[in-house]
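Asks: Here it is, the structure, as structure tokens.
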Amino acid sequence: MRLDPFYLIVDSAAWVERLVPLGVKLVQLRIKDMPEAALREEIRRARTLCAGAGCQLIVNDYWQIAIDEGCDFVHLGQEDLADADVAAIRAAGMKLGISTHDEAELETALAAQPDYVALGPVYPTVLKQMKWAPQGLDRLSAWRQRIGALPLVAIGGLTVERLEGVFSHGADSAAVVTDITRNPDPEARTRAWISATEHWRGRD
Numbered sequence: 001m002r003l004d005p006f007y008l009i010v011d012s013a014a015w016v017e018r019l020v021p022l023g024v025k026l027v028q029l030r031i032k033d034m035p036e037a038a039l040r041e042e043i044r045r046a047r048t049l050c051a052g053a054g055c056q057l058i059v060n061d062y063w064q065i066a067i068d069e070g071c072d073f074v075h076l077g078q079e080d081l082a083d084a085d086v087a088a089i090r091a092a093g094m095k096l097g098i099s100t101h102d103e104a105e106l107e108t109a110l111a112a113q114p115d116y117v118a119l120g121p122v123y124p125t126v127l128k129q130m131k132w133a134p135q136g137l138d139r140l141s142a143w144r145q146r147i148g149a150l151p152l153v154a155i156g157g158l159t160v161e162r163l164e165g166v167f168s169h170g171a172d173s174a175a176v177v178t179d180i181t182r183n184p185d186p187e188a189r190t191r192a193w194i195s196a197t198e199h200w201r202g203r204d
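When we follow full-length UniProt numbering, the leftmost residue of the sequence shown carries the number 1, and every step to the right adds one.
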């Protein structure tokens with residue numbers, strides 16, 4: 001499996017509607033603390049928007065709702081992975097991505113036979129408080145060697161200016177949140193990411 005090198009993460013279907021039509025091909029919908037009915041509507045709307053734009057939607061955390069709503073890709077953090085029914089996810093034909101932050105978590109992730117592994121935070125991040133120090137580019141290289149051909153996603157503090165570093169150290173895809181959603185012009189920044197990742201989009 002290949003992932004698009006530009007991995008956008010947003011917290012609403014409104015962001016999906018706003019940015020995916022610009023040419024985004026991979027987006028994660030990561031919503032926290034929302035009533036289930038509203039959450040289902042957000043996922044349903046995002047799924048429809050992505051299907052119409054030829055964009056791969058990945059649902060964060062809510063694997064059962066994702067199954068119910070006909071989605072085909074879910075991302076789980078370590079705590080969510082511990083509570084998830086991986087067999088049910090696989091039985092539904094869904095792909096699975098898993099977050100990792102240290103060696104123990106990587107072992108746990110690989111035991112679940114994921115479709116990709118994410119490593120973060122690569123750089124300091126303002127998105128949320130993290131108990132892990134920034135991993136750095138050398139850790140990306142180490143993960144690349146450990147996981148073989150499995151796709152590797154870098155996340156945490158990424159900007160357009162840092163893409164060369166993460167890709168040259170083994171990442172297949174670069175995940176971004178605040179560099180776009182907190183930018184004064186999210187559309188222009190999204191286009192900059194698409195342009196900056198074009199070189200890696202066509203590589204073997």
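Positions of the beta carbon are idealized from the N, C-alpha and C atoms, including for glycine.
Does residue 205 pass the burial test, meaning 16 or more other C-beta atoms within 10 Å, or should it be called exposed?
Replies: Because the chain in this structure spans residues 1 to 204, residue 205 falls outside the shown range and cannot be described.
Asks: Cutting at 6 Å between CB atoms, please list the residues of its own chain near residue 29, excluding the five before and the five after it.
Replies: What you label residue 29 is simply residue 29 of the sequence shown in a count that begins at 1. Once the five neighbours on either side are set aside, the close Cβ partners of residue 29 are 46, 59.
Asks: Between the beta-carbon of residue 117 and the beta-carbon of residue 98, is there less than 7 Å?
Replies: Translated into the one-based positions of the sequence shown, residue 117 becomes position 117. Translated into the one-based positions of the sequence shown, residue 98 becomes position 98. Going by C-beta atoms, residue 117 is nearer than 7 Å to residue 98.
Asks: What are the residues that DSSP puts in a beta bridge with residue 28?
Replies: Sequence index remark: in the sequence shown, residue 28 carries index 28 (1-based). Bridge partners of residue 28: 9, 58.
Asks: Thinking just about the alpha-carbon of each residue, which of 69, 68, 85 is nearest to the one in residue 76?
Replies: The sequence position of residue 76 within the sequence shown is 76, counting from 1. The residue with the shortest Cα to Cα distance from residue 76 is 85.
Asks: From the DSSP output, in three-state form, read off residue 74 for me.
Replies: The residue labelled residue 74 in the question sits at position 74 within the sequence shown. Strand at residue 74.
Asks: Less than 7 Å between the beta carbons of residue 122 and residue 170, yes or no?
Replies: Indexing the sequence shown from 1 puts residue 122 at position 122. Indexing the sequence shown from 1 puts residue 170 at position 170. Their beta carbons are not under 7 Å apart, which means residue 122 does not touch residue 170 by this criterion.
Asks: Whose C-beta lies closer than 7 Å to the C-beta of residue 92 among residues of the same chain, with five residues either side of it excluded?
Replies: Position 92 of the sequence shown holds residue 92. For residue 92, where only same-chain residues beyond five positions count, the Cβ hits under 7 Å are 67.
Asks: Using a 10 Å radius around the Cβ and a threshold of 16 neighbouring Cβ atoms, would you call residue 5 buried or exposed?
Replies: Along the sequence shown, read from residue 1 onward, the residue named residue 5 stands at position 5. By the 10 Å Cβ count, residue 5 comes out buried.
Asks: Could you tell me the boundaries of the beta strand (DSSP E) in which residue 160 lies?
Replies: Position 160 of the sequence shown holds residue 160. Segment: none, residue 160 is in no beta strand (DSSP E) and carries neither H nor E.
Asks: If you check the beta carbons only, do residue 7 and residue 175 fall under 7 Å apart?
Replies: As a position in the sequence shown, residue 7 is number 7, starting the count at 1. As a position in the sequence shown, residue 175 is number 175, starting the count at 1. The answer is yes: Cβ separation under 7 Å.
Asks: Name the one or two DSSP bridge partners that residue 96 has.
Replies: For this step, residue 96 is matched to residue 96 along the sequence shown. According to DSSP, residue 96 bridges with 74.
Asks: Three-state secondary structure (DSSP) at residue 222?
Replies: This structure gives no information on residue 222, because the portion of the chain shown stretches from 1 to 204.
Asks: So the candidates are 3, 32, 1, 23; which of them puts its Cα closest to the Cα of residue 10?
Replies: Numbered from 1 along the sequence shown, position 10 holds the residue referred to as residue 10. Considering only alpha carbons, the answer is 32.
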